[in-house]
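Residue numbers (this note's numbering): 13 to 199.
Structure follows, in structure tokens:
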């Protein structure tokens with residue numbers, strides 16, 4: 013077959029599907045922008061953090077406009093209770109989203125050569141508190157691996173071997189990096 017796409021490099025072949033993906037994503041974004049948020053559950057779990065932050069900021073800007081003298085704001089720049097509630101709800105949802113990935117990021121930082129002291133400093137915690145984050149996460153991931161939720165097939169969570177490896181990281185000294193940074197894709 014002489015279709016030029018067969019011989020095209022991967023980065024050129026994938027462009028055929030990008031306009032559809034971009035259009036679909038744009039539609040999702042427009043739906044998000046039109047969505048009224050009054051409680052954290054109004055925010056779909058799959059909403060990108062950047063979209064939540066943008067909407068949080070927009071509601072905050074309207075609230076700030078409310079505090080400005082009338083001469084300095086436009087007619088649509090006065091925030092209302094809906095803006096305040098949206099900003100509160102979005103703040104909760106943003107905090108949850110950030111918190112959700114904290115333990116995984118601690119684990120990844122260790123695998124990439126960071127020390128417990130560096131991680132604790134980044135988290136504004138003590139080193140023992142930072143270790144507790146990984147311990148708790150690893151224990152929860154092992155339970156998930158062994159639970160019915162994963163179909164008993166270990167499709168989710170950490171295997172016992174991965175759990176042992178994570179626990180070994182908690183035994184490192186405060187200034188001791190893991191011996192070799194782990195490859196991408198390993199837990």
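Glycine is no exception: its CB is placed at the ideal position from the N, C-alpha and C atoms.
Is residue i near residue j, with beta carbons less than 9 Å apart?
i           : j           : result
residue 108 : residue 52  : yes
residue 183 : residue 119 : no
residue 7   : residue 49  : The displayed coordinates of the chain run from 13 to 199. Any statement about residue 7 would go beyond what the structure contains.
residue 180 : residue 123 : no
residue 41  : residue 63  : yes
Taking only three categories from DSSP, how would you classify residue i?
i           : result
residue 92  : coil
residue 113 : coil
residue 72  : helix
residue 168 : coil
residue 31  : helix
residue 159 : coil
residue 188 : coil
residue 138 : coil
residue 103 : helix
residue 133 : helix
residue 50  : coil
residue 180 : helix
residue 80  : coil
residue 124 : coil
residue 57  : coil
Going along the chain, which residues of its own chain have a beta-carbon closer than 8 Å to the beta-carbon of residue i, five neighbours each way excluded?
i           : result
residue 130 : 121
residue 196 : Confidence at residue 196 is low in this model, with a pLDDT of 47, below 50, so the placement of that residue is unreliable and no value is reported for it.
residue 142 : 118, 128, 131, 132 and 135
Quick one, which of the options has its alpha-carbon nearest residue i's?
i           : options               : result
residue 175 : 141, 155 and 44       : 155
residue 150 : 134, 140, 171 and 138 : 171
residue 153 : 135, 141, 173 and 139 : 173
residue 74  : 90, 65 and 82         : 90
residue 54  : 72, 105 and 34        : 105
residue 67  : 84, 83, 82 and 94     : 94
residue 101 : 117, 82, 135 and 65   : 65
residue 47  : 34, 71, 32 and 157    : 71
Might you give, ordered along the chain, the residues of its own chain that have their beta carbon closer than 7 Å to the beta carbon of residue i, omitting 5 neighbours on each side?
i           : result
residue 127 : 186, 187, 188 and 189
residue 96  : 75
residue 139 : 128, 129, 132 and 186
residue 44  : 59 and 63
residue 103 : 68
Looking only at its chain, what residues have a beta carbon closer than 6 Å to the beta carbon of residue i, apart from the 5 residues adjacent to it on each side?
i           : result
residue 147 : 182
residue 34  : none
Closer than 8 Å to a non-hydrogen atom of the ligand SAH - does that hold for the CB of residue i?
i           : result
residue 120 : With respect to the ligand SAH, the structure shown offers nothing to examine, as it has no ligands at all.
Next item on the list: Kindly confirm or deny that the segment 65-78 and the segment 108-124 touch, where touching means at least three C-beta pairs closer than 8 Å.
Entry: No, because fewer than three Cβ pairs between the segment 65-78 and the segment 108-124 fall closer than 8 Å, the two stretches do not touch.
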